[in-house]
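From first to last, the protein sequence lines are chains P and V. Under the working numbering, the first residue of the first sequence carries the number 1, and numbering increases by one thereafter. Under the working numbering, the first residue of the second sequence carries the number 1001, and numbering increases by one thereafter. Backbone N, C-alpha and C fix where the C-beta goes; we use that ideal spot for every residue, glycine too.
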Amino acid sequence: MLAYLIFALTIGGIYALLALSLNLIWGGIGLVNLGLVGFFALGAYASALLTGAGLPVLFGWGGAIIVGAIAGLIVTLATTRLRDDYLAIVTLGLAEVIRLVALNERWLTNGSDGISGIQAPLKSALGNQGFNIFYLVLVSAVVLVVWLVLRRLDRSPYGRAMKAIREDQELAGFAGKNVLGFKVQAFAVSAAIAGLAGALYAHFQSYVSPDHFQPLITIYIFLAVAAGGVGRPAGGVLGAYVVVFFLELTRFLPDLVPALAPAQFAACREILVGVALILVLRFRPQGLLPEQILPAPKS
Amino acid sequence: MNRYTVNRRHFLAASSLLLGSAALPSFAWAQGEPIKIGTLTPLTGSGGPYGPVMADTVKAVVDEVNAAGGILGRKIEVVSEDDQTNPEAGVRAARKLIDVDAVSAIVGTWASSVTTAVAPLCWESKTFLATVSGADSITELPHQGYLVRTQPNTTLQGRKFGEFAAAEGAKRVFFVSPQTPYAESQFENITKAIETAGGETAILIYDDKKPSYRSEVDEVLRFEPDAIIFGGYTPDTTVMLKELYRAGYQGKKIAFAYAVNEKLVDSVPADVVEGCYTIAPSSNESSTAYQRLVKLIGVDKPDPYTVQVYDQVNLILMAMAAAGETTGTAIKDNIRKVSQAADGTRVDNAVDGLKLIAEGKPVNYDGASGPCDFTDKGDISDSSFRYEQVRDGKLTLVKIA
């Protein structure tokens, strides 16, 4: 049971990083990134390949951050004219492109067999249980640091400028803000965080394959950010943990409703996820932790 | 400071949820006694058509054994989880089965990626894993014996396709397939069989979500093949067959039986698919185990995965009884003693087998999917294949060999 809780909290932490990434770009500057899972995949594959080539794990993680950031740069620069729905469609397509490249470029990614046996740092020294605890602490610490940084960013003049762009980008541009510059930077940072989450996931599971990176994860993270509170880093983090616990907790429901067959129950779980999202949007559209817009300090 | 009170309340709500999640599974611990077996089948996602029947089959076998007194004086309980045909979700489900339910064995993982993702959790926690996935790489994992599969691997399947094409007199064989875990290895083994017979082969990997394959068909026909082997699934093979017909292809067509199935044959004009051969690992339909299974679950023609999972659970239950222990390690060490004991009495179900084991007699299980003998790596050593041909718009049995 303890091992299971540790596992769920670790996955929660990885989802929380993804939620922070999405919150920065969606809640912060108002760009909808439906391709989140693509950047997650890039980070996972980058780190798996780099460490597979013999580099230490920390280099793999650094590489994942860089690859994520570069991909983020490319996407924003390639789509400077696109906004809203159009950007969302492009990012959705991008995630599929990344998945299909991973599926078909067998020389690099080993195709649909995926890459197994990815280095799990310190696993041989710590043993299974020790490794799981170590990884939970590590992931939680990364979440804490990223959260603190993004919270600081959120409350800084930079954060206010981002939100001005989110509300009205013409007006922000008119007020002298470099709209494209902000977008490019925010997207790159957001993608880098998603890449880091992917790297952490890859080394936790020791296995990645194209099947891991189906759009389902993006949907879970949107649910997390919407439930937690769009525009507030703490909201995304809380939302991510709530989503993971919601997904895991519902596994124990059949014990209470033994009349349902496993297949019916599996379908019900998916329905519950959808119903939860609708309920949140209907009754608490601002999320569990609503966005705070603090007045700028007087200087 | 006022705004923080709201946060605290929410924090409380969230943490009570957390605590609740910790409390719930403790019921599971309290029961303790029964032996637990987990099914991890795809109940949703692209494996959704197969998983539910597989889970029900395991439950039916266990009910039967429980009614006959269980194993080692204990009842068996089945815990069913959904792998959502997705390795990320599959790992979460497997964690729950291993850490919370403490199952001795997990049966029924279907997609190869899910099996590869779940296998390390199993061997690390000494939980036994039986799978129906076909990718060659699975039994190459360092699984220390904690994994067996009942699905013939790609090497065997590819060889059968190649040998069949060669036996039909094909000299120039073209293999078309979407990108799958087994496409490459299948092609290699087809090539080996064809080249032994003095023929030539070529391959084309296509995107299985395209609406039209005109350029692909052009490329195929430039090779002037006298046989084409289809490695795809029903939707893409349907389109491919239609385009080949339109392009006037006259040669032989060979496909997997799961792709060219009755649904496909009914959905296209008769000429498009006429004469197409299908090959599939065959369940041993004449076996007594198969007939028992049909009666047990009330399904006329159970799919191969259901048939295999039936054999898996029977073997696992008998391995536990033979070991006198119910751990994953005990299953690992004893499964071959009940599946292929040279001096064992042949049995076709766990209830009979358990009786003999209780009397101290060795058993040798012959299952519904085949003889169920495993190599050291965990592959099955032999399997029969079923060859059919579409004749006058109907799938007709050619041979089982």
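Practice prompt. Note down, one range per segment and in chain order, each beta strand (DSSP E) of at least 3 residues found wholly within the stretch 1205-1258 of chain V.
Written response: 1227-1230, 1252-1256
Fill in: Cβ-based neighbour list, P:L5, same chain, cut-off 7 Å, excluding 5 preceding and 5 following
Taking the first sequence and counting its residues from 1, the one referred to as residue 5 of chain P is at position 5. Once the five neighbours on either side are set aside, P:L5 has no close Cβ partner at all.
Worksheet item: Which residues, in chain order, does the stretch 1100-1132 of chain V contribute to contact with chain P at a C-beta distance below 8 Å?
Response: V1100, A1111, S1112, S1113, V1114, T1116, A1117, P1120, E1124, S1125
Discussion item. Judging by CA-CA distance, which residue of V:A1135, V:D1311, V:G1047, V:A1055 is the nearest neighbour of P:A261?
Written reply: Along the first sequence, read from residue 1 onward, the residue named residue 261 of chain P stands at position 261. The candidate whose alpha carbon is nearest that of P:A261 is V:A1055.
Worksheet item: So is V:A1023 in contact with chain P if we call contact Cβ pairs under 7 Å?
Response: Taking the second sequence and counting its residues from 1, one reaches residue 1023 of chain V at position 23. The predicted model places V:A1023 with a pLDDT of 45, which falls under 50 and marks its position as unreliable, so this point remains unresolved.
Worksheet item: P:I293: buried (16+ other C-beta within 10 angstroms of its C-beta) or exposed?
Response: Counted from its first residue, the first sequence places residue 293 of chain P at position 293. So P:I293 counts as exposed.
Fill in: N-terminal and C-terminal residue of the beta strand (DSSP E) that V:Y1050 is part of
Looking up residue 1050 of chain V in the second sequence gives position 50. It is not in any beta strand (DSSP E) - V:Y1050 carries neither H nor E in the DSSP assignment.
Worksheet item: Are the C-beta atoms of V:P1181 and some chain P residue less than 7 Å apart?
Response: For the purposes of this step, residue 1181 of chain V is taken as the residue at position 181 of the second sequence. Judged by the 7 Å Cβ criterion, V:P1181 is in contact with chain P.
Item to complete: Whole angstroms is fine: what's the gap from V:G1032's alpha carbon to V:G1038's?
Response: Counted from its first residue, the second sequence places residue 1032 of chain V at position 32. Counted from its first residue, the second sequence places residue 1038 of chain V at position 38. Interpretation of V:G1032 is limited by its pLDDT of 47, a score under 50 that renders its predicted location unreliable; the figure taken from the coordinates is listed afterwards. V:G1032 and V:G1038: Cα-Cα distance of roughly 15 Å.
Practice prompt. Using beta-carbon positions only, say whether V:A1135 and V:Y1182 come within less than 7 Å of one another.
Written response: Locating residue 1135 of chain V in the second sequence gives position 135, where the first residue counts as 1. Locating residue 1182 of chain V in the second sequence gives position 182, where the first residue counts as 1. Closer than 7 Å, so yes.
Worksheet item: Can you round the beta-carbon distance between P:N23 and P:V230 to whole angstroms, since I take them to be within the 8 Å contact cut?
Response: By one-based count along the first sequence, residue 23 of chain P stands at place 23. By one-based count along the first sequence, residue 230 of chain P stands at place 230. Correct: roughly 7 Å between the Cβ atoms.
Practice prompt. List the residues of chain V whose Cβ lies closer than 9 Å to the Cβ of P:I118, in chain order.
Written response: As a first step, residue 118 of chain P is located in the first sequence; it is residue number 118 there, counting from the start. Those do not exist, as P:I118 stays about 10 Å from chain V at its closest Cβ, beyond 9 Å.
Worksheet item: Would P:A266 count as contacting chain V if we go by Cβ distances under 7 Å?
Response: Here the question's residue 266 of chain P lines up with position 266 in the first sequence. So yes, P:A266 belongs to the interface.
Discussion item. Alpha carbons only, please: which of P:V101, P:G176, P:L17, P:A197 is nearest the one belonging to P:T210?
Written reply: For the purposes of this step, residue 210 of chain P is taken as the residue at position 210 of the first sequence. In the sequence as presented, Thr is not what sits at residue 210 of chain P; that position holds Pro. The shortest Cα separation from P:P210 among P:V101, P:G176, P:L17, P:A197 belongs to P:V101.
Fill in: Proximity test, Cβ basis, 7 Å: P:S124 and chain V
Your numbering for residue 124 of chain P matches position 124 in the first sequence. With 7 Å as the cut-off, P:S124 does not count as an interface residue toward chain V.
Fill in: Short CB-CB distance (under 7 Å) between V:K973 and chain P
A question about residue 973 of chain V goes unanswered here, because the residues of chain V that appear run from 1001 up to 1401.
Item to complete: Please classify P:Q205: does DSSP put it in a helix, a strand, or coil?
Response: Within the first sequence, the letter at position 205 stands for residue 205 of chain P. P:Q205 falls in the helix class under three-state DSSP.
Practice prompt. Could you tell me which residues DSSP pairs with V:V1347 in its beta bridges?
Written response: The residue given as residue 1347 of chain V occupies position 347 in the second sequence. Per DSSP, V:Y1365.
Discussion item. Distance check for P:A44 and P:I115, CA to CA, integer angstroms please.
Written reply: Along the first sequence, read from residue 1 onward, the residue named residue 115 of chain P stands at position 115. Along the first sequence, read from residue 1 onward, the residue named residue 44 of chain P stands at position 44. Each residue's Cα considered, the two are about 10 Å apart.
Fill in: CB contact below 7 Å: V:L1317 versus chain P
Numbered from its first residue, the second sequence carries residue 1317 of chain V at position 317. No, V:L1317 does not count as interfacial toward chain P.
Discussion item. What does the alpha-carbon distance come out to for the pair P:L18 and V:V1118?
Written reply: One-based indexing of the first sequence puts residue 18 of chain P at position 18. One-based indexing of the second sequence puts residue 1118 of chain V at position 118. Roughly 23 Å separates the two Cα atoms.
Worksheet item: Any Cβ of chain P within less than 7 Å of the Cβ of V:P1087?
Response: Here residue 1087 of chain V refers to the residue found at position 87 when the second sequence is read from its first residue. Yes, V:P1087 lies at the interface with chain P (some Cβ there is under 7 Å from its Cβ).
Discussion item. Quick check on the DSSP output: the beta strand (DSSP E) that includes V:V1404 runs from which residue to which?
Written reply: Residue 1404 of chain V lies beyond the stretch modelled for chain V, which goes from 1001 to 1401, so this question has no answer here.
Item to complete: Check whether the Cβ atoms of V:T1150 and V:D1373 sit closer than 7 Å, and answer yes or no.
Response: Counting from one through the second sequence, the residue named residue 1150 of chain V turns up at place 150. Counting from one through the second sequence, the residue named residue 1373 of chain V turns up at place 373. Result no, Cβ atoms of V:T1150 and V:D1373 do not sit closer than 7 Å.
Discussion item. If you measure between the beta carbons of V:G1370 and V:N1284, is that distance less than 7 Å?
Written reply: Looking up residue 1370 of chain V in the second sequence gives position 370. Looking up residue 1284 of chain V in the second sequence gives position 284. Against a cut-off of 7 Å, the Cβ pair of V:N1284 and V:G1370 comes out as a contact.
Worksheet item: Counting along the chain, where does the alpha helix (DSSP H) carrying P:L77 start and finish?
Response: Taking the first residue of the first sequence as position 1, residue 77 of chain P is located at position 77. Its alpha helix (DSSP H) spans residues 57-78.
Discussion item. Determine, for V:R1095, whether the minimum Cβ-Cβ distance to residues of chain P falls below 7 Å.
Written reply: One-based indexing of the second sequence puts residue 1095 of chain V at position 95. Closer than 7 Å to some Cβ of chain P, the Cβ of V:R1095 qualifies, so yes.
Worksheet item: So, is the C-beta of P:S112 closer than 7 Å to a C-beta in chain V?
Response: Counted from its first residue, the first sequence places residue 112 of chain P at position 112. True, the Cβ-Cβ gap to chain V drops below 7 Å.
Item to complete: Compute the beta-carbon to beta-carbon distance between P:S89 and P:A202, rounded to the nearest angstrom, for a pair I have assumed lies under 8 Å.
Response: Here residue 89 of chain P refers to the residue found at position 89 when the first sequence is read from its first residue. Here residue 202 of chain P refers to the residue found at position 202 when the first sequence is read from its first residue. Note that residue 89 of chain P is Ile in the sequence shown here, rather than Ser. Not really, about 28 Å apart at Cβ, beyond 8 Å.
Worksheet entry | Same chain, Cβ closer than 7 Å to V:P1225, neighbours up to 5 away in sequence not counted | Translated into positions along the second sequence, residue 1225 of chain V becomes position 225. R1172, V1173, F1174, G1251.
Practice prompt. Tell me, please, which residues DSSP counts as bridged to V:F1175.
Written response: As a working note, residue 1175 of chain V is residue 175 in the second sequence. Partner(s): V:I1203, V:I1229.
Practice prompt. For the beta strand (DSSP E) containing V:E1081, list its first residue and its last residue.
Written response: Against the second sequence, residue 1081 of chain V aligns to sequence position 81. Element bounds for V:E1081: 1076-1082.
Worksheet entry | P:Y207 at chain V interface by Cβ criterion, 7 Å | Within the first sequence, numbered from 1, the residue matching residue 207 of chain P stands at position 207. So, interface residue.
Worksheet item: Under the three-state reduction of DSSP, which class applies to V:S1286: helix, strand or coil?
Response: As a working note, residue 1286 of chain V is residue 286 in the second sequence. If DSSP states are grouped into helix, strand and coil, V:S1286 belongs with coil.
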